[in-house]
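First the structure, in the form of structure tokens, and then the observations on it.
Residue numbers (the numbering used here): 1 to 123.
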């Protein structure tokens, strides 16, 4: 489960998995909308798909976490090992501040049950 993922060394893999899940949920939402439009054409009652919306909402914090982790992991070597004069200090500052705010919010929203992702946030 996404709640168990906490291995910082597999950030790319986890981000890819979360993005793939998001794509599948988006595809499911498109199919549901298509089915609903066909039901309306036939004058049938619309089938609701509440679980689809719940799953999409539940995935969001994990997708945000792993996307943030990947972005940081990709930027870090450039900051630490790249040419100093090529760094855009304002962008680095903005990115770190944005990621920090995002992780703080994620930490609060994931508290009380997602031990793996909380380890990533604390890392």
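We put the CB at the ideal spot given by N, CA and C, even for glycine.
Computed from a predicted model, the values in this text were never measured in an experiment.
Backbone CA spacing between residue 3 and residue 89 [nearest angstrom]: The predicted model places residue 3 with a pLDDT of 49, which falls under 50 and marks its position as unreliable; any figure quoted below should be read in that light. Approximately 34 Å between the Cα atoms of the pair.
Simplified DSSP state of residue 74, which is helix, strand or coil: helix
C-alpha gap between residue 19 and residue 95, whole angstroms: 21 Å
Contacting residues, own chain, Cβ-Cβ under 7 Å from residue 106 (five flanking each side not counted): Taking residue 106 as the centre and dropping the five residues before and after it, the same chain places the C-beta of 61, 64, 65, 121 closer than 7 Å to its C-beta, in chain order.
Status (buried if at least 16 other CB within 10 Å, exposed otherwise) for residue 11: Burial call: buried.
Straight-line Cα distance separating residue 56 from residue 139: The question about residue 139 has no answer, for the chain in this structure spans 1 to 123.
Backbone secondary structure at residue 28 - three-state DSSP: In this structure, residue 28 counts as helix in the three-state DSSP scheme.
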